[in-house]
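Have a look at the structure below before the remarks.
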Amino acid sequence: MGVKMSYLPSIKWFLAELISNDQPDLTNKQMCIFLYVYDTKKICTVKSLTEELKLSKDVISRCISRLEELDFLSKRKDPKDRRVIIVEKTFAGLCFANTLVSSLDKAIEKYHAMLWHSPANERSQLLKQLDGNILCTH
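Have a look at this one:
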């Protein structure tokens, strides 16, 4: 498995931006569930999340409970089948999603600034990394 090292500065700046703007900390699993729900047009259920994300129902339920506490997601029983739990977006969650996008935009801008203000030989190496030519494997 290889890691494109050129992505590390963007990831670092993205996370630094997130922790500097007083947003709640989410675990990786919570963030994954949040992003999955907000990035899909389908109706999400606890069952569909367990199948798509390959996580147990208990893990999904705990993560959703935390996201509900933050008002980032809500859940309700399906009126057609009370056994099915539908997971829905919220206004606060949409605001948080916008914050994520804004933080990512800032990280990408920083990366581009770093790239174009680098000496020519370093810029050439960074561009090769961006093209996926240089991989760090272990």
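Numbered per the numbering used here, the sequence shown spans residues 2 to 139.
Glycine included, C-beta positions come from ideal geometry on N, C-alpha and C.
Compare the Cα-Cα distances from residue i to each of the options and report the closest residue.
i          : options          : result
residue 48 : 60, 102, 40, 39  : 60
residue 71 : 31, 102, 19, 112 : 31
residue 52 : 37, 78, 97       : 37
residue 67 : 40, 106, 56, 25  : 25
residue 92 : 55, 43, 111, 75  : 75
Tell me the DSSP bridge mates of residue i?
i           : result
residue 100 : BP columns for residue 100 are empty, so no partner.
What three-state label does DSSP hand residue i in the structure shown?
i           : result
residue 134 : Confidence is the limiting factor: at residue 134 the pLDDT is only 42, short of 50, which leaves the residue's position unreliable, though a coordinate-based value still follows. Note: residue 134 maps to coil in three-state DSSP.
residue 51  : helix
My assumption, with CB atoms under 8 angstroms, is that residue i sits in contact with residue j. Please give the rounded CB distance.
i          : j           : result
residue 34 : residue 50  : 6 angstroms
residue 11 : residue 109 : 6 angstroms
residue 39 : residue 90  : 6 angstroms
Let me confirm a value: residue i is counted as buried when at least 16 other C-beta atoms fall within 10 Å, else exposed. Which label applies?
i           : result
residue 45  : buried
residue 18  : buried
residue 102 : exposed
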